[in-house]
Structures are given as C-alpha cells and as structure tokens.
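Chains A, B, C, D, E and F are the protein sequences, given in the same order. Sequence positions in the first sequence follow our numbering and run -13 to 297. Sequence positions in the second sequence follow our numbering and run -13 to 297. Sequence positions in the third sequence follow our numbering and run -13 to 297. Sequence positions in the fourth sequence follow our numbering and run -13 to 297. Sequence positions in the fifth sequence follow our numbering and run -13 to 297. Sequence positions in the sixth sequence follow our numbering and run -13 to 297. Right, one structure below, let's go through it.
There are 6 protein chains.
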Amino acid sequence: MVKMISEFKDGDRISGQFLVSNSAKCLNNAGAAYMNLELKDSSGNINAKKWDASESDESLFSIGSVVYIEGDVLKYKESLQLKVSSAKPVDNNDIDIAKFVKAPPVPKEELVKRFFAYVDSIQNEDCKKILDYLIKRLSPKLLDHPAAVSVHHDYASGLLMHTVSMADVADFLCKYYPNINRDILISGILLHDMGKTIELEGPIVFKYSIEGKLLGHISIMVSEIRRAAEGLKITSEVPLLLEHMVLSHHGSPEFGSPVLPLTREALLLSLIDNMDSKMVIVDKALENVNPGEFSTKVFPLDNRTLYKPKE
Amino acid sequence: MVKMISEFKDGDRISGQFLVSNSAKCLNNAGAAYMNLELKDSSGNINAKKWDASESDESLFSIGSVVYIEGDVLKYKESLQLKVSSAKPVDNNDIDIAKFVKAPPVPKEELVKRFFAYVDSIQNEDCKKILDYLIKRLSPKLLDHPAAVSVHHDYASGLLMHTVSMADVADFLCKYYPNINRDILISGILLHDMGKTIELEGPIVFKYSIEGKLLGHISIMVSEIRRAAEGLKITSEVPLLLEHMVLSHHGSPEFGSPVLPLTREALLLSLIDNMDSKMVIVDKALENVNPGEFSTKVFPLDNRTLYKPKE
Amino acid sequence: MVKMISEFKDGDRISGQFLVSNSAKCLNNAGAAYMNLELKDSSGNINAKKWDASESDESLFSIGSVVYIEGDVLKYKESLQLKVSSAKPVDNNDIDIAKFVKAPPVPKEELVKRFFAYVDSIQNEDCKKILDYLIKRLSPKLLDHPAAVSVHHDYASGLLMHTVSMADVADFLCKYYPNINRDILISGILLHDMGKTIELEGPIVFKYSIEGKLLGHISIMVSEIRRAAEGLKITSEVPLLLEHMVLSHHGSPEFGSPVLPLTREALLLSLIDNMDSKMVIVDKALENVNPGEFSTKVFPLDNRTLYKPKE
Amino acid sequence: MVKMISEFKDGDRISGQFLVSNSAKCLNNAGAAYMNLELKDSSGNINAKKWDASESDESLFSIGSVVYIEGDVLKYKESLQLKVSSAKPVDNNDIDIAKFVKAPPVPKEELVKRFFAYVDSIQNEDCKKILDYLIKRLSPKLLDHPAAVSVHHDYASGLLMHTVSMADVADFLCKYYPNINRDILISGILLHDMGKTIELEGPIVFKYSIEGKLLGHISIMVSEIRRAAEGLKITSEVPLLLEHMVLSHHGSPEFGSPVLPLTREALLLSLIDNMDSKMVIVDKALENVNPGEFSTKVFPLDNRTLYKPKE
Amino acid sequence: MVKMISEFKDGDRISGQFLVSNSAKCLNNAGAAYMNLELKDSSGNINAKKWDASESDESLFSIGSVVYIEGDVLKYKESLQLKVSSAKPVDNNDIDIAKFVKAPPVPKEELVKRFFAYVDSIQNEDCKKILDYLIKRLSPKLLDHPAAVSVHHDYASGLLMHTVSMADVADFLCKYYPNINRDILISGILLHDMGKTIELEGPIVFKYSIEGKLLGHISIMVSEIRRAAEGLKITSEVPLLLEHMVLSHHGSPEFGSPVLPLTREALLLSLIDNMDSKMVIVDKALENVNPGEFSTKVFPLDNRTLYKPKE
Amino acid sequence: MVKMISEFKDGDRISGQFLVSNSAKCLNNAGAAYMNLELKDSSGNINAKKWDASESDESLFSIGSVVYIEGDVLKYKESLQLKVSSAKPVDNNDIDIAKFVKAPPVPKEELVKRFFAYVDSIQNEDCKKILDYLIKRLSPKLLDHPAAVSVHHDYASGLLMHTVSMADVADFLCKYYPNINRDILISGILLHDMGKTIELEGPIVFKYSIEGKLLGHISIMVSEIRRAAEGLKITSEVPLLLEHMVLSHHGSPEFGSPVLPLTREALLLSLIDNMDSKMVIVDKALENVNPGEFSTKVFPLDNRTLYKPKE
C-alpha cells in the first residue's frame, strides 16, 4: 500500500520512498544490532525499526538520504511505528520530490510565469542580457530551490516565491518613489539570492556546500555577475550596480554584507528583502497560535514571542 | 521693498519679517557694540549687521525669533550684506509662516484630504472613536507640524506628509499580506507620530519641549491613547494594540522602543516607517549630487556616502 | 492529615491544597494513562502520581493551578512519592496563599506600616494626591505582590519589601546629598514599580499578563500617573517629574528605559534601585554557600560565581 | 599689588604667582616674537602678553608651570589684559598651592579627622596593619590629592573628600545590609583610590605619570597591598579580599576592572563608588543652571543634558 | 595486570591508579546503592561500577581524585566495563602523573633546555635578575604546568611548550623588526603566563584557585614582578616595562587586559601570543577531520567550523 | 632653479612640478581674487599665492593635481611663501613621480626581485598559473602601488613592501607550523591585497575609485581569481582556497570580511597581515617620539598613545 505517513494505520503494510531524517545503530538487550530510524515525508514523520541491522544498513540509512522501504505499521506505547522488512537505495534522479517537499502556496507554474514576466518587463539591454545569461546558467535549480537551508522551514520553489514576492512589492514602490530606476531595482531583486543555488546543495534536505561555507551566496553571485558581464562584453555601469546590490543586500557587515547599500536601489532592495522575510517568518510563527495567545520564541526575530490579537 | 532673500540686490532698501538663525553681540575696532546676525527666510540666508547695538537688541535678536526689519542691502567682500536701520519684534500670531517654511512637495490641502480619507476608511468602531478623539485634541498643530526638529531639514506639514505616505504603502501591502488587520495597521500609522506635536514646540524653529525631553513622543502618545480609551469607555483590546504599535514602532530599545513589535501589524508598521524615512533621507542626500558622483556623508545613514549612478 | 511537604513521612495519609508546579500525562508499560506531577508548597516539593488519569485530569492538574488532594505517601527508589487517591479544583478565592508563598523576612504588617509612614511624610500636595489616588486604585494587590515573576525566587509582599527598603536608603541619602528634593524622590520610589501589579498576574505563580508583555510595567505606570494627574486636575510640574522617574528608573534603553534619568532624583532613584536589587540577589546567591567556597553561576549578575570569604 | 585675578582692574600694577594654563610664541605684524599667554589662579583667568619674547621665555612659560610675574593690567577690546614686564620661575616647593586650587567644600582638617576616625574604627587587625602601612607610605600626597586629572573639574583634597563621603554612605548601609563585613568594606573604601597618588602627578595641574599610563591606579594599588601584606607577614585571607576589592571596583572590564566584583563587599563598594561619583557630577553640572532649564551635555554621563525642575 | 585503559580486554583482571573523571551514587532496581564511575588515564576512559557502595565511597571517588583500583573487565551491551572489587586513595605525592597526562609533543627535557637557553640569552642585567628570581620562586610547578585549565585539552608542560614556542617566533621577528628590544620582548614572553602556576591548582585536573578567581593570573604576575624588583632593588624602567607587558598581553579589556599594549614590545608580545594560541587550537580541531570535510564547532574560535582542504 | 621645497631659501627663483595639496579662491581687501595654495613635494610643503586669479585657475589648481610652476620664494611673518608668477598643467604621463612620493625603505628593484622569488618558489601548478595570470593582468600598477589611500602615510611600492614583508614572516612560520601548506599560504599572501590596484586610483594622491567604494578591494579580487581560474580551466580546489583566503583576510565581518577564516592558511594569513600592519603603524607613530615620552593618539590603534621606553 502506498500512503502518506499521516494516513498510516495500525496493521497497514506499506511500501514507498521515505526520507531518513534521523538514524542510529543500537543494540537490543540481547546484544543484537538494529537501526533506530525517523522517517519523513511532507505529511509527517514516524519512528521505524530495522531489526538485525547488517553492515551496510548504516550507510543505506544515512541521514538526508531517500530510501525505498517495505514494512508493517504497528502500535507501540500508544504511538505508531514502522517495522522495516526490506529497504533499498533510491537514485537521486528517481526521487519523487513532490512527496517530500511542501508545495508552495502559489503553484510553481504561476510563479515561473510571473518571474519571467518580470524578466520580460526589463527594458535596459545590459540588465536583460545579464539576466538571460545567468537564468540560463543556473536553471533548472533556480526554479525549484527552497529559500533556506532546511525543508523543516520551507517548501519547494521557495526561492522563486520570495523573489517574485519582493518584485511585486518593488513594482508598486517604483510608482511611489519616482527617483527609483525600475530596471535596476527589479533586475537586482531577480538576481539577489540566485547564489543560493550554489551555496546550498542536496536532493531534498539542503545543506551548505563547501563553496557555500567558504564564500557564501553573496560573494558567489557577485563573481557570477562579473563573469557574465565580461563574457557578454558589457561596458556600461550596469554590472557594477548589480554587483553592488547583491553585495550589500543584507544591509550591514554584521549580517554578511561587507559594504553598506550606497545607491537608492540597493538600499530599497535591502529594505524590501528585510520586510518580506520578516512577514513570512511572522506568518509561520503565528500559524498555529490561538487568538489571545503568544507564540513560542521566534529565533530569527531575536527570540521574541509574537502575539495574535483576540479577534 | 518686500523681497525674498534670494532676490536681494546691492542697493535694495528692504522691509519685512526675518527669522534670526544666528546672532552674536560683538565689538568693533573702536570698542563699539554691534549685532552680527544671520537672517533667513525659506529662499536663503544673509549676513546682517545692526550697528550701535542697544541693551535690548540682544534679546530682540534671540536665535529662533522672527523680527520685522528695515534696512539696506550692500556688497562687502563680494557678498551681499544687510545693514539693519530699524527692527521690532513680531508677535507669534502675526508671523507669516509661509515665508519661512518650505511648502511640502504635495499641497497641504491635498495631504489633509488624503489623511481624512484614511480616517474615513476605518471600519472598526473603537479605532474610529480613538482617532476622532485624538485628531480633534491635537489639531490644528497636527496638520502643520514638520516631521523633525528643524526647518533646516524639513518643510511644513512634514508630519502629515510622512503619515500619508506610510499609509499609502501600508494600504498596498494589506492587499499583499492577507493576514494583516487593515483597520489596526492604518489606525496605528495615523497615530504613531502624533506625539511629536507635544514633543516639539516653537513657532518656526522647532525644538524639544521639556515634556519631549523627559518623556519622548512615544511615551506621550501611549498615555494619550490610554486616556482617550478610558474617556471613551472602550473595553475591547483595540487600545492596547494601538498603544503597543506606538510603543514599539522604532523597532528596538536602542532606537527608543522599550518593547519589540510583537504583533503582525506592529512589526509591519515599524518596517514601513523605517523604509519611508530612509527613502526620504536618500532623496534629500542625492538631490544636488551629479550623476557618477558621491554625496557627502549622510549622518542618519551611519555616515555613509551615497552614489548617484551615471545614467 | 494536614502537613507541609517537608514533613511528609512514608506511610502518611495526606489531604490539603497543593500547587501543581509540573504536570505531564504519560503512559505506563501497559498502555494506561497516568498523570506524572510535581507538587509544591512553601516548604518544598514532591513527585506525585495520579494513576488511571481521566480525560479531565489534564486540565485539573494544569501547571500553576492549586488543587485539593487526598493521597498516600510512599517510598520509591529512596525518595518519597505521593499517590493521589482523589483531587478537586480550588477556587481562587479559597486558596490558602500563606501555604504557598514564603513569608517576607519582615512581617507584612510592619512593611505596610512603614510604607504608609513614608506616604504620610510627603509634604508636597500634588505628590500626596497622586500617591493617595494610585495606592487606592492598585490596592490590595500592591500590598501582597511579589517583586518578580516567580515564587521560586521571591516571597509575598516582595514588592512592598523592595519599595520600603529603597525608601529607607533614599531617606538616609537625602540628608547626605542636600540638593535632593526628598518629596519627589520618595514619591518616585513609592510609585516606581507599582505597574508590576498589572504587568504580572496569577493567584500564586505569577506570569506576564498580555498588557505586561505588550507594554511593560514602566509604560503602564507612566500612563497611570498621567491619568491620575489629569483626573486630579494637577497643573504643576510634579506629574511630569514622577512620570520621568518611572520611565527612566531602569537606567538605560538596554534595560527597558527609553529615556536616561535626566533629573537628580531620577538618577538617584535608578542607582538605589540597582543597588538594592543587587544586594538582595547576592544574599540569596550566598545563602547556602560555605565559607571559603564559590556559589553556582548567578544569572542576573552576568553569570558570575560569588565568593563567600573564609571567616 | 597682590590680587586675585577676578579682582584685577584697569590700571593695576600687579605682582605674584600665576599658573600658565596656555602659552604660544607668536609674531607681531613687525615680525617680532611675543608670548601669548593665558594665566590662571583659583579665582579666574586672564589673557597676558609678554612682548619681545626671549629664547628662554618659551620654556619659562611652559603650560602647567607656575611663574612669578610683575606687570600692568590694561583694557583691550572690552577685556582686561596683563602686560608682563618681568617674570621668573617658581620652585615647586615655594608654590602657594592655596592660590590655585579651590578649597574643598568641607575644610581639609575636618576631612582628615573623619578619615582617621574611620581608620580607627577598624577592628580587624590585618586590615588595620595594612591601612596604617599604606597611609604612612602614601602620605602626605594622599591628603592633598584631587580626585581626578585636572583642577578644572576638581579641588584640593578631592580624593579625601570622595573617600570619606563613600565611607559615610557605607557606614549607613552596613547597618542596613546585615551580612556585610564592615571592617572589610570600610578598609576597601579607604584604600580603593589610593593608587591615584602614583597614577597622577604634578604640582598643580595633574597629569598621568608614565606608571599611571602603563599600569593604571588599580593595578598599582593591588601590587601595593600585596607588597604590604608580605612585608607585614600577614597570612590571613584579608589582603586577598582587599586586593580583589580594589581590582574590581570599577565594576566591569570595559571600565577598567579585569575581574567582576565577586564578594558582597566588593560589589557594594563598586555600587557606592558609582553612586557617589555620579551625584558629584550631577551637582557640578546643575550648579549654574536655572530652574526649568537643561544643562549643557554632560560628558561623563553619556552626554545627556540634565534638567533642573522649576521649583 | 597493569595496563592502560585502551588496552583493556574482556576478562582482564586489572590493578593500578585511575583518575575519577565522573562519579555518581545510584540505586539499583533492588534499592541498593552503587557507584557509577568514569575512570580515565592518558590512553582513554571506561565506565566502572562499584556495587554495594559504602558510606565512604562517595568521598573516595570524588571527581578529580586518583584512586588505586583492583577489578575485572567485562563486556556489557557491546562496551567494556570495569567491575571494581577494591579501591583505596592515593596520596598526591604518590600519583604516577605520567600515567594521566599526555606527554608534550616535544620531550620535557628538550623544552627545559630551550627555555633556559632563552634565559641565558638575555643580556640586560635587570631582566636577568628578575627572571632568575621568579623562575626560582615558581619552580618546579613552572616546568610541569599545563597551559590551560583542563587535561582534556592539554598535556604536561603545556605552559613551557607555549612559552618556548612564542619565544622561537619572537626570536625570528626580532631580526625582522629592527626596533624591537629583544631582551625586553623575550623576558616578557618568558614571564607572561607564569601567574598561571598560581591561578590554577590541582594534582592532575587543574581548576582555578581562589586567588586565581579573585585576581586572575595577570594581576598575580604583575604583583610578583613588582615585588621581585623591589626585593632586588632594581631602579631602572625595566620592571615597569615587564609589568606592562604582562598586564596588557591579552590585548584589550574585553579579554582581561585592563590596559592596551602601549609599547612596541608589549604589542608584539600580544600578537605572537594570539597567533600561537590560535594555531594550536586549529591543529587540535583539525586533527581528526578528513580531507574535504569540516570540523565540529570550535568554541575558542567563535564557534566557527574549520575546513581541511581535499589534498 | 630646480629645488626640493625643504631647500627653498628667501629670494630663490624656482621652477618645477608641484602637487597641489590644498587650494582656495579668496578675495583680498581690495576685492581682487587670488588663489591661496598649499604645494607639496616629498621633502615638505609651502604656502603659495597666485595673485590676480583668472577664471581657469580654480580648475588648474584643483586639489590632487600636479602643476608646473615658476615663482619667487619670499619671507612673510617668519615663514617662507612662494609667489607664483606662472603655472601650467602637467600631463599624467609626464609627472615625475619620484619627486612626490617617498622612496620605500628598501629599493623597489630589491622588492620586485624578492616578490618574484616568492612567485618562483611556488610548486603547485594551479597556484602558479593563477599568480602568473593575475600579476600580468594587474602590472605595472602592482609594483608601484602604495598600500593605503594617501601619500601622507605611505610611500611608493608600499603594497609590494607589505606583501614581501608578510611573505618573509610566512616563510619562517611555515617551518614552524608543519601542517601549513606553504604553496597555498604564500600564494594567498601574494594575491591578498592586489585588488587595491583597482580600489584606489590617482596619479599621486590616491583615492577610492567608484568600483572601490561600491565593491571594495576584497570582493574585486575574489572575482578576479574566479575569472582567472575559469579562463585557465582549473578544476582543482585551489581557486576556491585562494578566494576564501582573500575574502576572509580581514578576519571578521566588522573589518570587512564577510566570512571568518576557516582554513589553517586563511587564519594564519589574517594573523600575519594584522601583525605586520600593526608593527608598521607603531614604527611610524614612534618615529619622532623622544625616549621616555608618549606619541600623540594613534587613530588606527584605537587612539591609544604609544610609549617609547627611556633606553
């Protein structure tokens, strides 16, 4: 039977792909080795046991990998547990990603459409060339990438969702602040976090690549723009302005930007990024809070506890 | 002849109101006392001398006061100077404020209309009552007040301009972030800086009142809302939410907010306030900068120098 | 048998009120639900089990509530345990507070007497009126309130104890620093922490109220004074000075005061508050330390470990 | 005629000692060198000119030195000026210190009496021995020393005044906080700033000695106590406790104490020191401020401006 | 059988000295007391049980003590365990230190030789006298002392190793920076951490002494140099320069130096100390990391994770 | 007569190139315009007047430019002054740089030789290729560039001097810390500041380029290495390690490095850079200080004043 974890019932015989989110080799009272596992899909997680663990089980069930499992659901101390009868590895290309990663709140097709509508709206030729070059170079990862390091807090195409959402706000503000150069601002937004496709890697559970740790997505992306501009033989000031926007978009050295935003567009980009990120965090933090109560501590907001008003 | 300072010519005989922006009693080589003055109107400033200063001249020409002056324009070392022949004080009620304070970029009538349109758009009754009560209480100062301490950096109705501008952005974002309670957010924005009408005082050159220094506009306004709510016998949570938004709108203790924003609306208000203030600062800083050059150091932006792109 | 927890013996049959300081619903090996509890009174705490937990037991034994319990004391793994045979809720008004909260080191009656002696010693009429108004408004909570959020570190009437203790020190220092206005200083001290009666709530275990979290006791109290002054039609500078003292008494923004102390009396109040709070913390921290040894880390003193000299 | 500067009149012929508080060699229009001087005594200061400056005049009139001068008072541009006719150096031992340094608010004899009364009140023998040894070693400077680096902000015996003042407060608080060891606390207070007699040097205008800059008065005094204890063959814990109090009395590393106060007495000493220093600063800052007005910025209190209430 | 822990095998009967690194009195299911112990020698650690614990066992097996143990090695849940059959205390003088503390990477004899070669290379007589005096006073601890508080991270003679290592670097740099006074720099390095022999105490597991906590090794050593200089009747500036180097060698107040390095030699000493300490930390952190992987978080390097390149 | 400024004498008639270090258009008493100038060469500076300033003089004498001047030296108020009789611009290519910039303490030829000796000593092929590529790309500026923004504090080839000096120290330390990869460390040092040739621009007085301000020399150089590696088709980890070293060499975000040094070589590079920079600053600061005295405040060393020992 193929089922999402949240639908498991005592007595089910199950088969399908599962993400190993925790794994440890243990000894039972009789001294026999077994694997104590936590398995996940996008609907939930379940404890699992693989008794009589073999030599190879430890690497098969390595944390972050996806494994094809057959087994039986049973009840133990009021909780469901999966007793694994057989298991085999799944090739990265065969992973059924939709099973593990939450869908974005807006369908991916819609996001892709809006993203490319913004690309098409750019009239400055140098901006356009650089965008086309880098989108091609970093696709298709660009379109599926989550915005942050872990599926725990994110969903598929999160990077795209965040980018399009910022562009929407920027598009409105361009009308509001007449001195803003819309082509530069929108181009900067479309590019600003693309370096994350190199900074973070992994089939489902994303983690920092070596390059990501040693350079960070900001420096990676600055180099990418410069390289693109040279390859495209662009001589205008545009690449410099775009590099500066990417370099400064975290707002200050303590948050990872070695230079402060020094142009109107760079400053506005960093402010929109800050606003949009925080509103997403607040929405998540208050999602399951009852009216008239406080959330638990919200780490990325200085550990404050947020309040949901009574009505 | 009545003229703005920027139009003065060598040989003009001048009469009219002037703001004393600097003043010092000096001795000439012969040991005689004279007043060395800097006079201002909204068009510019000029050095002036009142020879044979009397006892009372020092208080007549106190810095920040408006004086009615008659005198002659002459040229000295390539600059124009005003030789004051007679001077008398101007009563606060007779000051021709329009002569000293820059007009806002949008006409005051337009700002007032938009401000009250936002008030009218509020549907929550408790928000409405509190707004009506406090707008009445703090008018007409509310409608003319500059946003900051000094006319050097500001214009008439600056407070109104800043408030309406934030409300415009908020109005758009309410559509964008569906969980926002628009009535609460817009009401908070309309109220958030009203305490400045008590914090700052003066006919033209604004400075901190004693109350402003000992309490600050944030604490003043929190008390005003509480007092209003009690007088209006409001028992809902609305006054608490509005007080919290005012109290937290500077974002953190180091910027004057003793509590962090803990509701969705409070956080968004502080982010919009931050964004709108910074964009105004950037516009001023880059106003007279040539393309391809940097501004001087911008104090309220951590002394950075801003860049205006080449085109 | 009615007994304090510290006097329980193996085999006792016990009845009486207990504070639930910890509570969890668990399953035994046989899959049956039971409540695992920690019960407290002012003498100590004990583990308790309520076997065969019913649906309603989870809310009955909610943390922070007081419950009337009958049961048997028994010994398990060298520790005493209470086996609960029956339990029922206690109405807030019926709680025997003296059983749960440590008595203050000085009897409450004595503290109340000294508190009102300070009130009576004030000669400035406006100070007097405001004090009378607010004491009446915030009594009787004012006289019983602990000084901090939890009985773990505090005793009944702790707020009164701290207030009277500061007033004693201030009274001496007024003689020492002749420029101090005693009426203002003593009034400020009597008022400074009264907002805690609104900030913290609960029958025994105090926790932050919604108002406490969204505004804090400082802002709450500033509004209270302003409201009192308006109701009393006071036109002197006294309310402003008292509001400023309350607003600034934590000494700096990082500790919750949005303005720095700007008057002699406000500065001295904040220094005495700091001194008296720290000396109380030191006394508690060294209470059970042997001469020649160090305390454990003291969190409110930057985690330092304090030393008790050998002699 | 011998007169204090504040009593100088146009036409006076003057002789006496003066402190050179500023000095520069200048050229007049004719190219001739002259000394442009500022002279001080405790009553005020005056501009002075020594025309036809010789080679040796530059070192004679070095800043901080005391010079015996004869000359004439005259009026120049509404101000008095002293035309120096002759000048000669004054030996350090012949300086009439009382002419230059403000008398303390309490007579020195009274301060000395109270200081030694505190010494006599100590009953712990080891404290007593160390005090006697170090007072003898550092007298008579100890009794005359100002508390800070410059006569601009201080008066003679300022160190003694500050020490006795702190001891008075401590004496009261010992009754209030019963766990305090009075002998240790009072001894620590008497010793805590004695290192300043080595840190600062100069006949009248005090400045940091080389030792003062390279070690600081805190480290100097810790070594002095240790050396005294060894010479006196004291084996109790007393010297260690006193050294710790001196070492920690600035309260934290950022203010110059490499260790935090870790004993009750060390913590109380640092709190009393902080309080007494701040109250002295406030008194000075508000000395010449009118009721209802603010002081200028007070540097040692984070540049705040202090308010003197209306009455 | 006498064996190092890493060589234990199931069934061995063992006797010898062991360091108690963890100890707890527990109850078994039958309610009988036993000691649950962790024992260490320099080769590793092992869990041990002493069944039927007597009253005195808790103090015998106090953490940090060395105990002579006889017992049997057995296998439990795949791990080895030592069943203690008898145990008795070991006198501090009889402890076989070499069994517990890792040998330094360079033999102690070699380190001692190089240390005294540096002492002999000093030509300034005052430096030489102070060094001789203090080395004699603080030996033999000086030669065996670890550099830090715990054997977990250190080895015997670690202090000597660190000192000689810094002297080697300094010796090279003296040639490189010609203005450095080699005698002063090398003397400062030889002295700079000697205070740790007083700050830390213990037979094997070192911990802070009372003096160490109340004063710190820096202040202790400054006093030692001053005392030495006085005893040796040295009148040159040398002791002051050496005291300053010790006092400032942590570089800034936040790291424990109340004065900043103000001489060339003091600054260079602090830079070499910083460099040598960090390189040692890096070596330890990367010791067991595979090429192409990151270390765990390194606490003394701001919790960064270090990278070992692929080859 | 062609002379360095320090050799000017009253009455000299002078011709030659001068750097305009300050320039202002002024009016004399008669209302006529003149240029008030400060001229510099590497030997010193002199005040100069160009009377009867023409329209074009203001741009001719722009600050930072080099001008060919003929004029007369005369004495005014005890100082020498140059009266400019004629002046004309100097083409950048014709500037006699050696006249304005101090020679390095080691001859440039020697520095170049040592620099290329280090390049030749690299055995890793990928390091070698990248070095060769970038040295070629950034020469000849690389060999002449000062290390910092202004000739006031620097000399010709300062960048080369600093680089070679660091390489010397690194070369020694590689022997000392055996785990260091010498090729990586030395290559990183040779590359680490090369971005300054793009960050700073100007014929003599260097200032930040637009690219320098918007990106900074660190980000510029990271992109250069990446571009080089791609052009050279290098696939090893070497470029990533070199980019990381450049990116992290300021040690922490507050000093401009967005990532902390995470490899052994990156950490050591940042430590050597810090040490060598500080020793150069100290040498300059103490250059003209007498033994037994303190320097003025040294800005790049936290404004401390340095002490030069008595001997």
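Backbone N, C-alpha and C fix where the C-beta goes; we use that ideal spot for every residue, glycine too.
Point to revise | Within chain C, partners of Leu200/E - CB distance below 8 Å | key: Tyr293
Practice item. State yes or no: is the beta carbon of Leu13/E nearer than 8 Å to at least one beta carbon in chain C? Key: yes
Review point. If you draw a straight line from the alpha carbon of Ser143/D to that of Ile184/C, how long is it in whole angstroms?
Key: 50 Å
Review point. Based on the DSSP output, what are the partners of Glu187/E in its beta bridges?
Key: Lys193/E
Check your understanding: Of the choices Ile204/C, Gly242/C and Gly217/C, whose alpha-carbon is the least far from that of Arg123/C?
Key -> Gly217/C
Check your understanding: For Glu297/F and chain D, any beta-carbon pair shorter than 8 Å?
Key -> no
Point to revise | Coarse secondary structure for Gly57/D, derived from DSSP in three states | key: strand
Check your understanding: Would you call the stretch 49 to 59 of chain E and the stretch -4 to 6 of chain E touching, i.e. three or more CB-CB distances under 8 Å?
Key -> yes
Exercise for review: Compare the beta carbon distance of Ser29/B and Ser71/B with 8 Å and say whether it is the shorter of the two.
Suggested key: no
Check your understanding: Among residues of its own chain, excluding the 5 on either side of Leu378/A, which ones have a beta-carbon nearer than 8 Å to its beta-carbon?
Key -> Residue 378/A is absent from the model: chain A starts at -13 and stops at 297.
Point to revise | DSSP-derived helix/strand/coil call for Gly30/B | key: strand
Exercise for review: Could you tell me the distance, in whole angstroms, from the CA atom of Ile32/E to the CA atom of Ser7/E?
Suggested key: 10 Å
Practice item. For chain B, find out if any of its Cβ atoms is closer than 8 Å to the Cβ of Thr183/A; answer yes or no. Key: no
Practice item. Work out the CA separation of Ile175/D and Ile220/D for me, nearest whole Å. Key: 20 Å
Check your understanding: Got a sec, what are the start and stop residues for the beta strand (DSSP E) Asn274/C sits in?
Key -> Note, Asn274/C: premise wrong, no beta strand (DSSP E); not H, not E.
Practice item. Please classify Asn260/C: does DSSP put it in a helix, a strand, or coil? Key: helix
Check your understanding: Taking C-alpha atoms, which residue in Lys61/C, Tyr194/C, Ser238/C and Ser107/C lies nearest to Asp(-4)/C?
Key -> Lys61/C
Exercise for review: Please decide whether Phe158/A counts as near chain B, where near means a Cβ-Cβ distance under 8 Å.
Suggested key: yes
**Study point:** Where Ile258/E meets chain C, residues with beta-carbon distance less than 8 Å
**Key:** Chain C residues near Ile258/E: none, gap ~31 Å exceeds 8 Å.
Practice item. State the beta-bridge partners of Ile0/E as determined by DSSP. Key: Gly57/E
Review point. Between the C-alpha atoms of Val137/A and Ile190/A, what's the straight-line distance to the nearest angstrom?
Key: Here Val137/A scores only 43 on pLDDT, less than 50, and its place in the model is too uncertain to base an answer on.
**Study point:** Neighbour list for Leu287/E in chain D, Cβ cutoff strictly below 7 Å
**Key:** None at all; the shortest Cβ gap to chain D is about 21 Å.
Check your understanding: Which same chain residues, not among the five before or five after Met(-10)/E, have their C-beta less than 7 Å away from its C-beta?
Key -> Asp27 and Ser29
Review point. Can you give the Cα-Cα distance for Asp82/E and Asp269/E, rounded to whole angstroms?
Key: 28 Å
Check your understanding: Near Asn315/F, which residues of its chain fall below 7 Å by C-beta distance, leaving aside the five closest residues on each side in sequence?
Key -> There is simply no residue 315/F to check, as chain F begins at -13 and stops at 297 in what is shown.
**Study point:** Cβ distance (whole Å) where Leu248/B is taken to contact Arg290/A below 8 Å
**Key:** 6 Å
Practice item. Output yes if chain F places a C-beta closer than 8 Å to the C-beta of Ile204/D; else output no. Key: no
**Study point:** Near-chain A residues of the stretch 38 to 72 of chain C (beta-carbon distance less than 9 Å), N- to C-terminal order
**Key:** none
Practice item. Count the other C-beta atoms from every protein chain shown that fall within 10 angstroms of the C-beta of Ile49/E, then say buried if there are 16 or more, exposed otherwise. Key: exposed
Review point. Out of Ala39/A, Val52/A, Lys296/A and Lys161/A, which has the shortest C-alpha to C-alpha gap to Val87/A?
Key: Val52/A
Review point. Does any CB atom of chain D fall closer than 8 Å to the CB of Pro239/E?
Key: yes
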